[in-house]
Amino acid sequence: MYADLIDFDTTGKVSADIFHSEETYRRELSTVFARSWLFLAHESQLRAPGDFVTALMGEDPVIVSRQRDGGIRAVLNVCRHRGMRVCRQDSGNTKRFTCSFHGWTYDTAGELVKVPRETEGYHDRLDKKGWSLTPVTRVESYRGMVFGTWDPDAPALIDYLETARPALDSFIDTLGSDIELAGPMKWRIRGNWKMPAEGLGTDGYHAETTHASALQAIGGMAEPSRIFQYSSAAGHAAAMTDLGVTQRMHEKAGVGPSPHGTNDTVTVAHATVFPNFSFIGYSGPLRVWQPRGPEEMEVWGWVAVPAGLDAETRRQKLRGVTVSFSSSGVFECDDSENWSEIAAVGRGFVARSTPLNYQMGMGFDDPAGTDLPGFDVRTGHLFNDIGARGFYTRWAELMDGPELALTPSAPPPGANGRG
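Sequential numbering of the sequence shown, starting at 1, is according to the UniProt record's numbering.
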């Protein structure tokens with residue numbers, strides 16, 4: 001039982017092996033990633049019919065596209081003929097996707113529309129309708145953010161995001177409500193995807209040590225007493241603060257126009273939507289921590305900017321964010337070094353067998369969520385592992401639950417007319 005690898009009732013310990021085990025990783029793909037809502041795109045990337053982006057759901061590649069009827073659809077980016085990736089571009093606009101292996105061609109809805117040598121090879125008896133690209137079971141949007149899930153029994157997206165909304169709404173609102181994404185930037189680093197996911201949720205504890213030199217350059221971190229964390233049973237977690245603190249950090253980092261709102265507005269500092277979608281409130285970076293094995297991840301990063309910014313202001317904002325948060329950003333390089341070192345030392349037999357400490361704040365958080373009334377959350381001080389404990393509690397529930405049962409999408413033998 002994966003629940004046995006975490007103990008937040010008495011000891012506050014977590015098994016280090018969950019960050020290094022191949023067996024654990026393979027099960028994450030069929031439970032955590034197969035059953036959760038995963039961030040795919042923003043509607044600003046899909047304005048016109050035929051606009052598309054490629055994304056990942058766990059390690060499954062997908063194509064997300066705007067349909068002629070205005071809807072958004074996502075399909076598995078794997079050709080039904082020999083399993084080749086159909087689309088190898090990050091984004092674009094098209095009416096057709098053609099596999100570069102044998103030329104099977106699909107429309108943006110994933111329907112198979114053309115097969116080379118269909119008459120000679122299949123004698124005009126191929127059931128093309130039965131060989132469409134595998135659709136993502138459900139695709140829904142929240143305030144322009146597009147998510148998908150393979151699980152037909154998952155709650156509606158609006159319900160899944162219920163306890164993430166305080167963070168997600170404030171992230172969007174402080175940028176001006178109407179936003180668009182710049183990017184993506186993509187890079188690979190050593191490390192387990194769960195480390196940054198839990199960290200961007202609520203780990204404010206690392207900042208004054210890991211980012212000491214960077215913080216010194218911008219005059220120090222915000223006053224900790226003015227920040228609180230929250231965690232929910234859904235696994236979402238965030239650090240929240242008043243907008244005055246956010247605006248000062250924003251200005252010190254030089255990342256463009258200050259956020260919208262009054263000084264005492266409660267807003268997000270940083271957050272994770274379970275399992276692997278994170279964002280930072282005061283400057284606009286978004287991250288998806290794409291799993292690439294138990295000790296490697298691919299980081300996909302965007303910057304959210306107010307729609308309609310003039311070119312120069314937009315350029316300054318993107319430059320400011322990139323200096324701090326990117327593959328070579330001063331903050332992100334610090335974090336990447338930590339995650340990579342954890343992966344390196346954790347390969348040892350004794351290191352993987354040594355439990356890790358998640359005790360900070362145990363017994364001192366507020367189960368009523370007083371700092372965030374109206375939401376079913378627990379809240380705690382900045383220096384607290386409350387977010388990580390909530391994250392791994394939900395993680396273990398999914399890991400100990402059933403794997404996603406796949407419904408075969410291929411036609412039965414004989415469907416091509418030979419049976």
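Quick reminder that beta carbons are idealized off the backbone N, C-alpha and C, glycines included.
Status (buried if at least 16 other CB within 10 Å, exposed otherwise) for residue i
i, result
"K95", "exposed"
"N357", "exposed"
"F101", "exposed"
"V345", "exposed"
"A48", "exposed"
"G195", "The sequence given here places Met at residue 195; Gly does not occur at that position. It is buried - the Cβ of M195 has at least 16 other Cβ atoms within 10 Å."
"residue 425", "With the chain represented from 1 up to 419, any question about residue 425 goes unanswered, as that position is not in the structure."
"Q89", "exposed"
"K317", "buried"
"G201", "buried"
"residue 472", "It is not possible to answer for residue 472, since the shown part of the chain is limited to 1 through 419."
"R68", "exposed"
"V350", "exposed"
"M240", "buried"
"G204", "buried"
"P184", "buried"
"I158", "exposed"
"G12", "buried"
"S213", "exposed"
Continuous beta strand (DSSP E) stretch holding residue i: start and end
i, result
"K194", "Looking at the DSSP string, K194 is not in any beta strand (DSSP E); the run it does join, the alpha helix (DSSP H), is K194 to T202."
"W302", "E296 to P306"
"D51", "D51 to M57"
"I72", "I72 to L76"
"residue 422", "It is not possible to answer for residue 422, since the shown part of the chain is limited to 1 through 419."
"L286", "P285 to P291"
"G148", "M145 to T149"
Among the options, the one whose alpha carbon lies nearest that of residue i
i, options, result
"V78", "T119, V136, D371 and N93", "V136"
"F274", "R73, R165, S170 and E59", "R165"
"P294", "T202, R314, H270 and I342", "I342"
"A55", "A351, G301, V32 and A237", "G301"
"V14", "R352, P402 and Y142", "R352"
"F364", "G92, G380, W339 and T11", "G380"
"R347", "G401, D400 and D17", "D17"
"L40", "E397, P285 and F52", "F52"
"G176", "E397, L372, G281 and A238", "G281"
"K129", "P116, G110, R117 and H270", "G110"
"V305", "Q45, I6, V115 and D7", "Q45"
"I189", "E298, D400, A271 and T272", "E298"
"W104", "L126, Q290 and A156", "L126"
"R389", "P355, V62, S232 and P373", "S232"
"residue 447", "G12, L5, T24 and T11", "What is shown of the chain runs 1 to 419, which leaves residue 447 out entirely."
"A154", "C99, V139, R287 and L168", "V139"
"R73", "G191, D60, G148 and Y160", "G148"
Helix, strand or coil at residue i according to DSSP, with G and I counted as helix
i, result
"E180", "strand"
"P224", "Unreliable positioning characterises P224 in this predicted model, as indicated by a pLDDT of 49, which lies under 50. A coordinate reading is not provided."
"Q359", "coil"
"Y392", "helix"
"T231", "One point to set straight first is that residue 231 is Ser, not Thr, in the sequence displayed. Of the three classes helix, strand and coil, the one that applies to S231 here is strand, per DSSP."
"R347", "coil"
"E140", "strand"
"A16", "helix"
"A238", "strand"
"G380", "strand"
"S213", "helix"
"F33", "helix"
"R188", "strand"
"R47", "coil"
"S65", "strand"
"T322", "helix"
"G401", "coil"
"residue 428", "Residue 428 falls outside the range modelled here, since the chain spans only 1 to 419, and no answer is possible."
"D4", "helix"
"D366", "strand"
"N416", "Low per-residue confidence applies at N416: pLDDT is 38, beneath 50, and the placement is therefore not dependable, though the value from the model is reported in the following sentence. N416: coil per DSSP, three-state reduction."
"T267", "strand"
"D371", "coil"
"T313", "helix"
"D9", "coil"
The alpha helix (DSSP H) enclosing residue i, as first and last residue numbers
i, result
"S30", "E22 to S30"
"L168", "R165 to T174"
"A207", "A207 to T210"
"D159", "L157 to Y160"
beta-carbon residue i near the ligand ATP non-hydrogen atom, thresh 7 Å
i, result
"S21", "The model on display carries no ligand, and the ligand ATP is accordingly not part of it."
Min CB distance residue i to chain C below 8 Å
i, result
"G201", "Chain labels in this structure do not include chain C; a single protein chain is all it has."
Whole runs of the alpha helix (DSSP H) within the region 78–133, excluding any shorter than 4 residues: 118–122
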